[in-house]
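S.K.: Pasting a structure below so you can have a look.
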Amino acid sequence: ATATVTFRVLEAPKRPVSAVADDTEVREVTIVSVREDRSQPMTLLFDAGRTLGERILEEQFAP
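Residue numbers (the numbering used here): 56 to 118.
Shown next, in the form of structure tokens:
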């Protein structure tokens with residue numbers, strides 16, 4: 056399934072908004088649309104039984 060989420064800025068001249076993604080900032084936006092890109096899969100480091108530090112070390116130094 057795919058989804059797109061769109062944000063529309065109300066009263067943009069009075070309330071300037073910036074949008075940031077992947078270290079790129081765009082200022083004074085009035086509409087922002089967000090969608091998922093599944094072309095590059097990634098692993099999320101979530102495991103309730105281990106700390107974040109343990110998960111990061113395992114990911115960095117896994118055989």
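Ideal Cβ placement from N, Cα and C applies to all residues, glycine included.
Per DSSP, which one or two residues make a beta bridge with Arg90?
M.R.: Thr59
S.K.: Tell me Glu80's beta-bridge partners as DSSP assigns them.
M.R.: Val75
S.K.: Are Ser73 and Val84 close, meaning C-beta to C-beta below 8 Å?
M.R.: In contact: Ser73 and Val84 (Cβ atoms closer than 8 Å).
S.K.: Looking at C-alpha atoms only, which residue of Val89, Ile86, Arg90, Glu113 is the closest neighbour of Leu99?
M.R.: Glu113
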